[in-house]
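Numbered per the working numbering, the sequence shown finishes at 348, counting up by one with no gaps. Each residue gets a CB set at the ideal place from its N, CA and C atoms; glycine is no exception.
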Amino acid sequence: MRRRACGPSIAERAAPRIRIGISGWIYPSWRGVFYPRGLPHRCELGYASRCFDSVEINGTFYALQRPESFRRWYEETPDSFVFAVKGSRFITHMKKLNAVEAPLANFFAQGLLALGEKLGPVLWQLAPQFRFDEARLDRFLGLLPRDSEAAAALARRHDRRLAGRAWTTADAKRPIRHALEVRNESFRTPRFVRLLRRHGVALVFSDAVAWPSIEDVTADFVYLRLHGSTELYASGYSDAELDAWADRLRRWTAGAEPVNARRAAPDEPPPVRPRDAYVYFDNDAKVRAPFDAMNLARRLAALPAEA
Numbered sequence: 042m043r044r045r046a047c048g049p050s051i052a053e054r055a056a057p058r059i060r061i062g063i064s065g066w067i068y069p070s071w072r073g074v075f076y077p078r079g080l081p082h083r084c085e086l087g088y089a090s091r092c093f094d095s096v097e098i099n100g101t102f103y104a105l106q107r108p109e110s111f112r113r114w115y116e117e118t119p120d121s122f123v124f125a126v127k128g129s130r131f132i133t134h135m136k137k138l139n140a141v142e143a144p145l146a147n148f149f150a151q152g153l154l155a156l157g158e159k160l161g162p163v164l165w166q167l168a169p170q171f172r173f174d175e176a177r178l179d180r181f182l183g184l185l186p187r188d189s190e191a192a193a194a195l196a197r198r199h200d201r202r203l204a205g206r207a208w209t210t211a212d213a214k215r216p217i218r219h220a221l222e223v224r225n226e227s228f229r230t231p232r233f234v235r236l237l238r239r240h241g242v243a244l245v246f247s248d249a250v251a252w253p254s255i256e257d258v259t260a261d262f263v264y265l266r267l268h269g270s271t272e273l274y275a276s277g278y279s280d281a282e283l284d285a286w287a288d289r290l291r292r293w294t295a296g297a298e299p300v301n302a303r304r305a306a307p308d309e310p311p312p313v314r315p316r317d318a319y320v321y322f323d324n325d326a327k328v329r330a331p332f333d334a335m336n337l338a339r340r341l342a343a344l345p346a347e348a
C-alpha cells in the first residue's frame, strides 16, 4: 500500500467527519463471534479496519511499542483509516504527570509518526484517584506537541531505552490532536473547562457507570468513549440508546449542543462551528463493542466504503 501525499488537515476540512470504531482489536473472545471462525490472528486488524474507519491503539497504554509495529499497522489498513493512540500509563498513572519530559519523548519516539496521515488523536486517560490540579495539568498540556514536526523534535530527545529502536522523523507537517479522559468528580469545574480550551485539548465524553460524565466542548473536535451504560466494559447499548447517541453526535458535529448536555461550565458555551467526532466503544467483555459500533455507524451513515 503506497503512502499518499499529504492532503488538507482534519481541521481544514469543510465538512465535519464522524469516525466510529472500537478500543483495541485483539480480544480472544471475539474470535468466531465478530471475527470469522478460522481467521488468522494476524488478519484481525485488517478485518476490523474494513468494518470501521478508526480504532484506538491500546497497547501503547501498557508498554512502549516498536516502529515496525506501527509501520505494519499502517500497511494493513485502508488509506482513509485513522488510529487514535492511547497515552502511556507510565506518564498518567505512575508519574502522575510529574517530570514527564523524558517519558513523553520516549512515547513519541516509539513509532507514532510512522503512522503518517493515519495518526489521529492521542488519548490521555487519568486514574480515578487523580484529582483536578490546575497547575500540574497546565504544565503537562503545555508539553504536548501540536504537530508532527514538533513531535519529531520531541522524539529526538528520547533516552537510551529507545536507542536503536526510535522513529524520530515526520514525512510531512500535520496537526496532532489531543484528548483527555478524567475519572474524578473534582474535574467538574469551569476552571478545568477553561484550561482545556486554552490548550485546545478535547475533553473526552465518557459514558460509564462509575466515572463522571462531563460534556463541555473544549476543542475543534469531540471524543466519545462508550464503556457500557449499566455494566462497565460489558453491557451493550439498546436501539433507543444508540438513537440518542446518534442525535447527540449530529448536534455536536453541526456546531450545536444537546439540550441536556452535562456541562461543568454551563454559562460559558463553546463557539458555534462544525466539529469532527471520534467515537470508540470499549464494552468489549461480552463482544458488544464491535456490533454496537456498527449499529451506531449505520444510524449516522458513517460506515467505511468497504463495509
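Could you check whether residue 245 and residue 220 sit closer than 9 Å to each other, using their CB atoms as the reference points? Note that the C-beta distance between residue 220 and residue 245 is below 9 Å.
Are the CB atoms of residue 322 and residue 337 within a distance shorter than 9 Å? Judged by beta-carbon spacing, residue 322 lies within the 9 Å limit of residue 337, meaning their Cβ atoms are closer than that value.
Hey, would you say residue 306 sits closer than 9 Å to residue 234, going by beta carbons? Less than 9 Å divides the Cβ of residue 306 from the Cβ of residue 234.
Could you tell me which of 227, 79, 58, 123 sits nearest to residue 65, measuring between CA atoms? Taking each of 227, 79, 58, 123 in turn and checking the Cα distance to residue 65, the smallest one comes out for 123.
Selected residue, minimal CA-CA separation from residue 255, among 242, 222, 268, 238: The shortest C-alpha to C-alpha distance from residue 255 to any of 242, 222, 268, 238 is the one to 222.
Local Cβ density within 10 Å of residue 232, reported as buried at 16 or more and exposed below that: Around the C-beta of residue 232, fewer than 16 other C-beta atoms lie within 10 Å, and the residue is accordingly described as exposed.
Can you list, in chain order, the residues of its chain whose CB lies under 8 Å from that of residue 56, leaving out five sequence neighbours each side? By the criterion of a C-beta distance shorter than 8 Å, residue 56 is surrounded in its chain by 315, once the five residues flanking it on both sides are discounted.
If we count the other Cβ atoms within 10 Å of its Cβ and call it buried at 16 or more, is residue 67 buried or exposed? Under a 10 Å Cβ-count criterion, residue 67 is classified as exposed, with fewer than 16 other Cβ atoms of the shown protein chains found around its own Cβ.
List the whole-angstrom C-beta distance separating residue 142 from residue 203, where the pair is believed to meet the contact cut-off of C-beta under 8 Å. 14 Å between Cβ atoms; not a contact.
Near residue 291, what residues of its chain come up, given a Cβ to Cβ distance below 8 Å and the 5 sequence neighbours on each side ignored? Excluding sequence neighbours, residue 291 sits near 341.
Spatial neighbours of residue 311 in its chain, beta-carbon cut-off 6 Å, leaving aside the 5 residues before and after: Only 258 meet the Cβ criterion.
Give, in chain order, every unbroken run of the beta strand (DSSP E) that is at least 3 residues long and sits entirely within the segment 106-165. Taking only runs of at least 3 residues, the beta strand (DSSP E) segments lying wholly in the segment 106-165 are 123-127.
Can you give, in chain order, each stretch of the beta strand (DSSP E) that sits fully within the segment 161-240 and has at least 3 residues? Entirely contained in the segment 161-240, the beta strand (DSSP E) runs reaching 3 residues are, in chain order, 219-222.
Going along the chain, which residues of its own chain have a beta-carbon closer than 8 Å to the beta-carbon of residue 144, five neighbours each way excluded? For residue 144, where only same-chain residues beyond five positions count, the Cβ hits under 8 Å are 129, 131, 132, 136.
Determine the direct distance from the alpha carbon of residue 125 to that of residue 226, and round the result to whole angstroms. When rounded, the distance between both Cα atoms is 25 Å.
Pick out whichever of 304, 268, 289 has its Cα sitting closest to the Cα of residue 63. For the residues 304, 268, 289, the minimum Cα distance to residue 63 belongs to 268.
Hey, residue 60 and residue 319 are a contact pair by Cβ (cut 8 Å); roughly how many whole angstroms apart? About 5 Å separates the beta carbons of residue 60 and residue 319, which is inside the 8 Å limit, making them a contact pair.
Considering Cα atoms alone, identify which of 215, 149, 186 is closest to residue 196. 149 is the residue among 215, 149, 186 whose C-alpha sits nearest the C-alpha of residue 196.
Residue 326 in three-state terms, based on DSSP: In this structure, residue 326 counts as coil in the three-state DSSP scheme.
Check the DSSP bridge columns for residue 63 and list the partner residues they point to. Answer is 96, 322, bridged to residue 63.
Environment of residue 308 [buried if 16+ CB atoms lie within 10 Å]: Classification for residue 308: exposed.
Cβ neighbours of residue 188 in the same chain (closer than 7 Å, five flanking residues each side left out): Only 214, 215, 216, 217 meet the Cβ criterion.
Integer-rounded CB distance, given that residue 154 should sit under 8 Å from residue 194: Not quite, the Cβ-Cβ distance comes to about 11 Å (not below 8 Å), so this is no contact.
Whole-Å CB distance - residue 317 paired with residue 228, under 8 Å assumed: Actually they do not touch by this definition, with Cβ atoms about 23 Å apart.
Between residue 118 and residue 86, which are expected to be in contact by the criterion C-beta below 8 Å, what is the C-beta distance as a whole number of angstroms? Contact flag correct, Cβ pair sits at about 7 Å.
Leaving aside the five residues before and after residue 73 along the sequence, list all residues of the same chain whose C-beta is less than 7 Å from its C-beta, in chain order. So no residue of the chain qualifies.
From 121, 243, 327, 140, pick the residue whose C-alpha is nearest to that of residue 96; which is it? It is 121.
Would you call residue 79 buried or exposed, if buried means 16 or more other Cβ atoms sit within 10 Å of its Cβ? Residue 79 should be labelled exposed.
To the nearest angstrom, report how far apart residue 282 and residue 210 are at their CA atoms. As the crow flies, the alpha-carbon of residue 282 is around 43 Å from that of residue 210.
As a quick exercise: from 253, 339, 182, 288, pick the residue whose alpha carbon is nearest that of residue 304. Here the closest residue by C-alpha is 253.
Inside the segment 295-320 only - beta strand (DSSP E) runs reaching at least 3 residues: Look at the segment 295-320 and you find no whole run of beta strand (DSSP E) that is 3 residues long or longer.
Extract the residue ranges of the beta strand (DSSP E) inside the segment 247-288, only unbroken runs of 3 or more that lie entirely within it. Qualifying beta strand (DSSP E) stretches, in chain order: 262-267.
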